[in-house]
Amino acid sequence: RKHSTHHKHNHKANSVQTHWKKRKKSNINAIVDTGATRHCSNTTKHMKNIRKTNTGIVVANGATIYATKMGDIGVIKDVLYIPELKQQLLFSVNYFLQSNPKHKFTFHFKDNIMQLKQKNKLVAQGESKQNRLYILNIHV
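With the first letter of the sequence shown counted as 1, position 89 gets the number 123 in this note's numbering; the numbers rise by one all the way through.
Here you go:
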């Protein structure tokens, strides 16, 4: 009997450890861009729900580059995969607000801190450094 009780105890401990590992999340930094038309990333590493696309975007030099894939990174949906980008993740404020009208997301700016909230719950937070770009830290 002692052996079976011990076995049950180990099973519970393993179950708790497995549950904790599944819930563990990592973070990724995104450059916040109020002028960007779409979210973009140079990697699919953190993407979920990857699907095919043929979406072109015009970059700063006037050239059009095309994404062949897109996916979701945390709360950011429809992130275009563009390997030519220098940044790992570019966050489009305009696209985010347009594509999430029913979810009641709001942006709050105070001093050099930016917060993304959903119904007053903090979803992501960013900070502006000396170059005045906001870097948003997102759970993935």
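All C-beta atoms, glycine included, are put in the ideal place defined by N, C-alpha and C.
In this text, all values refer to a predicted model and were calculated from it rather than measured experimentally.
Anyone know if the C-beta pair for F125 and L131 falls short of 8 Å?
Against a cut-off of 8 Å, the Cβ pair of L131 and F125 comes out as no contact.
Taking only runs of the beta strand (DSSP E) that begin and end inside the stretch 79–143, which ones reach a length of at least 3 residues, in chain order?
Every beta strand (DSSP E) of 3 residues or more that sits fully in the stretch 79–143 is shown, in chain order, as 82–92, 98–107, 110–115, 123–126.
Quickly, what does DSSP pair V66 with across the bridge? List them, please.
Paired residue(s): F125.
If you compare alpha carbons, which of R72, L170, Q149 is closest to A101?
For the residues R72, L170, Q149, the minimum Cα distance to A101 belongs to R72.
Tell me the rounded alpha-carbon separation between S162 and F141.
Cα-Cα distance, rounded: 14 Å.
CA-CA distance, L170 and A64?
Rounded to whole angstroms, L170 to A64 spans 5 Å at the Cα level.
Across the stretch 146–154 and the stretch 84–91, are there enough close Cβ pairs to call them in contact, namely three or more that are closer than 8 Å?
No: the two stretches stay apart, fewer than three of their Cβ pairs being nearer than 8 Å.
Selected residue, minimal CA-CA separation from V127, among A94, K111, G96, K120
Scanning A94, K111, G96, K120 for the CA closest to the CA of V127 turns up K111.
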